[in-house]
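Residue numbers (full-length UniProt numbering): 1 to 284. What follows is one structure encoded as structure tokens, with my remarks underneath.
This is the structure:
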């Protein structure tokens, strides 16, 4: 998801248009190069009960279907004149005279950025001729990330996703916490009795990891809690619920990408002194 954030940040600074595209039945467009046989589906009666069917095209459920679909899409984009990035193979760029287009691919969901409305429309028409697509218009909701664009920039949040987590763990009306984790939390591998069912803890941490896309304020807490996925205990569960109570205070908080940001990379780094109680190493 780093590519998504960088892609959107550059598009906002350059004042490019942002469009969202969804490909209908994407995996069915892939070309199948291997011999694959299937049992006849319900409702189809072959002449012999011992016969199987050979697939001629990719189908949902095949292991190679995602790869075949991406190969098909990549070929179509390159035929149009796009160049595939070496740093991220899901990023494609097109440049002709003063027209610039860029496409970011996530399976069958595409974000199109461009500096020319006519060029964007022509490309979407080409793509629709190759694969029937659904033009979702300006970017508003992508992979659970809500995007709201204004004259000052683009705001990204996962409010609905955060509210779904709170509802799933019955903390929608809990008392909010002021910060996600105590500074001297003292979480240890043997902190309290083992949870009888570690599934909810693991599911919660997994969902929180995805939430860190637009919530850097919980990154450290989630990083610490993810160390106890193998054998979570009651102390770890309580600390995870505290993160939820912190989210309950402002579920719509997110990232703001301003239009006046410079296209320069700044890196800030800090480190404490052997603060990790498990390995006694510094945390950067």
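Glycine is no exception: its CB is placed at the ideal position from the N, C-alpha and C atoms.
- Between residue 141 and residue 255, the alpha-carbon positions lie close to 14 Å from each other.
- A Cβ-Cβ contact shorter than 9 Å links residue 145 with residue 4.
- Fully enclosed beta strand (DSSP E) runs of no fewer than 3 residues occupy 254-258 of the segment 233-274, in order along the chain.
- Between residue 177 and the set 240, 78 and 7, the nearest pair of CA atoms involves 240.
- Put simply, the backbone Cα of residue 171 is about 20 Å away from that of residue 157.
- Inter-residue distance for residue 268 and residue 22 is about 37 Å (C-alpha atoms, whole angstroms).
- Out of 272, 194 and 81, the CA that lies nearest to the CA of residue 126 is found in 81.
- For residue 86, there is no enclosing beta strand (DSSP E), as DSSP gives it neither H nor E.
- If you look at residue 168, you'll find it in the alpha helix (DSSP H) that goes 159-168.
- Residue 106 is classed as exposed because its beta carbon has fewer than 16 other beta carbons within 10 Å across all chains shown.
- Of the other Cβ atoms in all chains shown, fewer than 16 fall within 10 Å of the Cβ of residue 260; this residue is therefore exposed.
- In the three-state DSSP reduction, residue 49 falls in the coil class, being neither helix nor strand.
- Beyond the five residues adjoining it in sequence on each side, residue 253 comes within less than 6 Å, by CB distance, of no other residue in the same chain.
- The beta carbon of residue 71 sits closer than 8 Å to the beta carbons of 30 and 31 from its chain, once the five residues preceding and following it are set aside; these are given in chain order.
- If you draw a straight line from the Cα of residue 272 to the Cα of residue 182, it is about 16 Å long.
- Taking the C-beta atoms as reference points, residue 124 is found nearer than 9 Å to residue 135.
- The C-beta distance from residue 193 to residue 232 rounds to 11 Å, too long to meet the 8 Å contact threshold.
- Contact check for residue 65 and residue 74: beta-carbon distance about 15 Å, past the 8 Å limit, so the pair fails to qualify.
- Between residue 19 and residue 153, the C-beta spacing is not below 9 Å.
- Pairing residue 137 with residue 27, the inter-Cα distance amounts to about 22 Å.
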